[in-house]
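Encoded as structure tokens, the structure appears first; notes follow it.
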């Protein structure tokens, strides 16, 4: 039998690539003759870049951007075949706000990450949206881009 294993993350426990690997290992123990293909998925929120990196390969580049409350946070950009992938949750995710204050949080860090991707040579930039702790409608992102 041919089987496609295509999970999303299991929030708080496994990333999509880790979940796919665990499923493949478990399945392989019970049905070793089956042919398994793994394609981790993401919904655009946390784990977006990890899932795409597992599927596409490419190069991860670390940049530091302002988080939703202004403090510096690390963001991993994925560059693959002229396209850069940015995970907004890394720059302005809910997990970065303590206390939760989405009314004063900004997406500016996402704009800084997009600018860094373009500066690194990306011709196309794809931004995964999800898990954001902001309500600025992308105004901070646009402001950071000028």
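Numbering (the numbering used here), first residue to last: 347 to 492. All C-beta atoms in this analysis are idealised placements derived from N, C-alpha and C, irrespective of residue type, glycine included. Since the model is a prediction, treat every value here as computed from it, not as a measurement.
* To do: Reducing DSSP to helix, strand and coil, say where residue 374 ends up.
  => Within the chain shown, residue 374 is the residue found at index 28, counting from 1. Three-state result, residue 374: helix.
* **residue 384: first and last residue of the uninterrupted beta strand (DSSP E) it sits in** => Numbered from 1 along the chain shown, position 38 holds the residue referred to as residue 384. Where residue 384 is concerned, the enclosing beta strand (DSSP E) stretches over 381-384.
* To do: Take the Cβ of residue 494 as the centre, count every other Cβ of all protein chains shown within 10 Å, and call the residue buried at 16 or more, exposed below.
  => This structure cannot speak to residue 494, because the chain is shown only from 347 to 492.
* First and last residue of the alpha helix (DSSP H) that includes residue 399? -> Numbered from its first residue, the chain shown carries residue 399 at position 53. Run containing residue 399: 394-402, per the alpha helix (DSSP H) assignment.
* Three-state class that DSSP yields for residue 417 in the structure shown -> Mapped onto the chain shown, residue 417 falls at position 71. Looking at residue 417 - three-state DSSP - the assignment turns out to be coil, as it is neither helix nor strand.
* residue 458 classed as buried or exposed, judged by whether at least 16 other C-beta atoms fall within 10 angstroms -> Locating residue 458 in the chain shown gives position 112, where the first residue counts as 1. Under this definition residue 458 is a buried residue.
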